[in-house]
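Chemist:
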Amino acid sequence: MRFFIELSYNGKSYHGWQIQSEVNSVEGQLEYCLSKLLNTSINIVGAGRTDRGVHAKQMFAHFDFEEKISSNFVKRLNLFLPKSIYVSNIFPVKKHIHARFNALRRTYKYYLKSEKNPFFQDFSWHCFYPLDIQRMNLASQILMKYKDFSSFCKKRKDKKNNICDIYHADWSRNKIHFCFTIEANRFLRNMVRSIIGTLIDVGRGKISINQFIEIIELKDPNTFSSPSVPACGLFLTKILYPEDIFL
20 MRFFIELSYN
30 GKSYHGWQIQ
40 SEVNSVEGQL
50 EYCLSKLLNT
60 SINIVGAGRT
70 DRGVHAKQMF
80 AHFDFEEKIS
90 SNFVKRLNLF
100 LPKSIYVSNI
110 FPVKKHIHAR
120 FNALRRTYKY
130 YLKSEKNPFF
140 QDFSWHCFYP
150 LDIQRMNLAS
160 QILMKYKDFS
170 SFCKKRKDKK
180 NNICDIYHAD
190 WSRNKIHFCF
200 TIEANRFLRN
210 MVRSIIGTLI
220 DVGRGKISIN
230 QFIEIIELKD
240 PNTFSSPSVP
250 ACGLFLTKIL
260 YPEDIFL
C-alpha cells in the first residue's frame, strides 16, 4: 500500500531535503523515524528537493508499507521526530501515485526585510538596498512569457531539459517585509533564489528590464553575476495534486 506524508519543517539545521552521507537531512530524519516506529526499512520519495537551509510549510512524500497504519501513528511519529519537523497527515493513495511526478504545481515564497531584526533572521533575509517594487513586478511578469530557464539554474552534467511553466510570479509588501511568490509546474536547482537575486538587481537599478530579458534569452547561467539570495527566506508553501489520487 502506498501512503502520502504531509509535513512542514524548519530547514535551518538541515543540509537540504535529500539524504547525503554524514550530514543531517530532512529525508534522512524522516526515514529513520518511520523505519524505527514501523519496525521495517522505509524508503521515502519527496515531491522535490529543497536546498540547504530552505524551509517548507507544505511538503509531501510517499512510502510503501503493506500494513494498516494506526490512527495515533502521526502523534507518535511527531514525538519521535526532531522539533524542527512536523507531520500533519499520513493517508493512503492509489498505488501508482508518485509524490514528485504526479505533482501539478509548486509554490514558493521568499521573504526579505529592509530593516535588520534579530527575531526574523532565520526566516527572512535582510536586504539593505532600496528597492523599486514596481520595476521588480514588471520583470516578474516577463518570466511568464518564457519556458527555458537555463540562465537561472546550476549547470548539470546531464542533459535534462530546463523547461518550466511559470503560472504566477509577483512581489508584495506590507509593514513587515517584502514577499515574492512564484508558482510553476516544476523548478530547477537553485532557480528560485537565482531569479530573486536578479529581480533584486532590477529593483535596485543595477540592471534594466531589457537586460533582464536578455539574461533569460541567453539561456546561460554564466553570462551574468547576480548572486543567489540566501536560503533563510525561502519557503516551499504549497504543492498541488490531482483530486483523483486518493483512495
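Read in the numbering used here, the sequence shown has 115 at position 96, and its numbers run on one by one without any break. Note that the Cβ used here is the ideal one computed from N, Cα and C, for glycine as well. These numbers were taken from a predicted model, which means no experiment stands behind them.
DSSP on phenylalanine 265, reduced to helix/strand/coil?
Modeler: Residue mapping note: residue 265 aligns to position 246 of the sequence shown, counting from 1. Phenylalanine 265: strand per DSSP, three-state reduction.
Chemist: According to DSSP, cysteine 198 sits in a beta bridge with which residue or residues?
Modeler: Here residue 198 refers to the residue found at position 179 when the sequence shown is read from its first residue. BP columns for cysteine 198 point to Tyr130 and Ser191.
Chemist: Please state if the CB of serine 247 and the CB of asparagine 209 are separated by a distance shorter than 8 Å.
Modeler: Along the sequence shown, one-based indexing puts residue 209 at 190. Along the sequence shown, one-based indexing puts residue 247 at 228. Yes, they are a contact pair.
Chemist: Over what stretch of residues does the alpha helix (DSSP H) that includes valine 248 continue unbroken?
Modeler: Position 229 of the sequence shown holds residue 248. Note, valine 248: premise wrong, no alpha helix (DSSP H); not H, not E.
Chemist: Just how far apart, CA to CA, sit glutamine 48 and glycine 72?
Modeler: As a first step, residue 48 must be located in the sequence shown, where it is residue number 29. As a first step, residue 72 must be located in the sequence shown, where it is residue number 53. Between glutamine 48 and glycine 72, the C-alpha separation is close to 15 Å.
Chemist: Which of the three DSSP states, helix, strand or coil, is assigned to tyrosine 28?
Modeler: Start at 1 with the first residue of the sequence shown, and residue 28 comes out as number 9. It is a strand residue.
Chemist: How long is the line joining the alpha carbons of serine 133 and leucine 150, rounded to whole angstroms?
Modeler: Looking up residue 133 in the sequence shown gives position 114. Looking up residue 150 in the sequence shown gives position 131. Cα to Cα, the separation comes out at about 9 Å.
Chemist: Throw me the rounded Cβ distance for the cysteine 183 and phenylalanine 168 pair, which I believe falls under 8 Å.
Modeler: For the purposes of this step, residue 183 is taken as the residue at position 164 of the sequence shown. For the purposes of this step, residue 168 is taken as the residue at position 149 of the sequence shown. 5 Å between Cβ atoms; contact.
Chemist: Reducing DSSP to helix, strand and coil, say where asparagine 108 ends up.
Modeler: As a working mapping, residue 108 is identified with position 89 in the sequence shown. Asparagine 108 falls in the strand class under three-state DSSP.
Chemist: With DSSP run on the structure shown, which of helix, strand or coil describes leucine 259?
Modeler: Looking up residue 259 in the sequence shown gives position 240. Leucine 259 falls in the strand class under three-state DSSP.
Chemist: Please report how far the alpha carbon of aspartate 239 lies from the alpha carbon of serine 170, in whole angstroms.
Modeler: Sequence index remark: in the sequence shown, residue 239 carries index 220 (1-based). Sequence index remark: in the sequence shown, residue 170 carries index 151 (1-based). So the two alpha carbons sit approximately 4 Å from each other.
Chemist: Skipping 5 residues on each side, what residues in its chain have a beta carbon closer than 6 Å to that of isoleucine 234?
Modeler: Locating residue 234 in the sequence shown gives position 215, counting from the first residue. Cβ neighbours of isoleucine 234 beyond the five flanking positions: Ser170 and Phe243.
Chemist: Determine the closest residue to phenylalanine 79 out of Ile258, Phe92 and Lys166, with distance taken between C-alpha atoms.
Modeler: Position 60 of the sequence shown holds residue 79. Looking at the Cα atoms, Ile258 is the closest of the given residues.
Chemist: Rounded to whole angstroms, how far is the Cβ of proline 261 from the Cβ of asparagine 121, which I believe are closer than 8 Å?
Modeler: Position 242 of the sequence shown, counted from the first residue, corresponds to residue 261. Position 102 of the sequence shown, counted from the first residue, corresponds to residue 121. That pair is a contact at about 7 Å.
Chemist: Which residue from Ile201, Asn91, Tyr33 and Val93 puts its Cα closest to that of arginine 68?
Modeler: Residue 68 sits at position 49 when you count from the first residue of the sequence shown. Among Ile201, Asn91, Tyr33 and Val93, the Cα nearest to that of arginine 68 belongs to Tyr33.
Chemist: Can you give me the start and stop residues for the alpha helix (DSSP H) that alanine 158 sits inside?
Modeler: For the purposes of this step, residue 158 is taken as the residue at position 139 of the sequence shown. Counting along the chain, the alpha helix (DSSP H) containing alanine 158 begins and ends at 152-162.
Chemist: Is DSSP giving glycine 224 helix, strand or coil here?
Modeler: Numbered from 1 along the sequence shown, position 205 holds the residue referred to as residue 224. The answer is coil: DSSP assigns glycine 224 none of H, G, I, E or B.
Chemist: Hey, would you say leucine 345 sits closer than 8 Å to lysine 76, going by beta carbons?
Modeler: Summary: the structure shown does not reach residue 345, with the chain confined to residues 20 through 266, and so no result is reported for it.
Chemist: State yes or no: is the C-beta of tyrosine 148 within less than 8 Å of the C-beta of arginine 223?
Modeler: Locating residue 148 in the sequence shown gives position 129, where the first residue counts as 1. Locating residue 223 in the sequence shown gives position 204, where the first residue counts as 1. In contact: tyrosine 148 and arginine 223 (Cβ atoms closer than 8 Å).
Chemist: In the DSSP assignment, find the alpha helix (DSSP H) that holds phenylalanine 92 and state where it starts and stops.
Modeler: Taking the first residue of the sequence shown as position 1, residue 92 is located at position 73. Looking at the DSSP string, the run of the alpha helix (DSSP H) that includes phenylalanine 92 is 92-99.
Chemist: Here's a check: name, in chain order, each residue in its chain whose Cβ is nearer than 6 Å to the Cβ of threonine 126, leaving out the five neighbours to either side.
Modeler: Sequence index remark: in the sequence shown, residue 126 carries index 107 (1-based). Excluding residues within five positions, the ones whose Cβ falls inside 6 Å are Glu202, Thr256 and Lys257.
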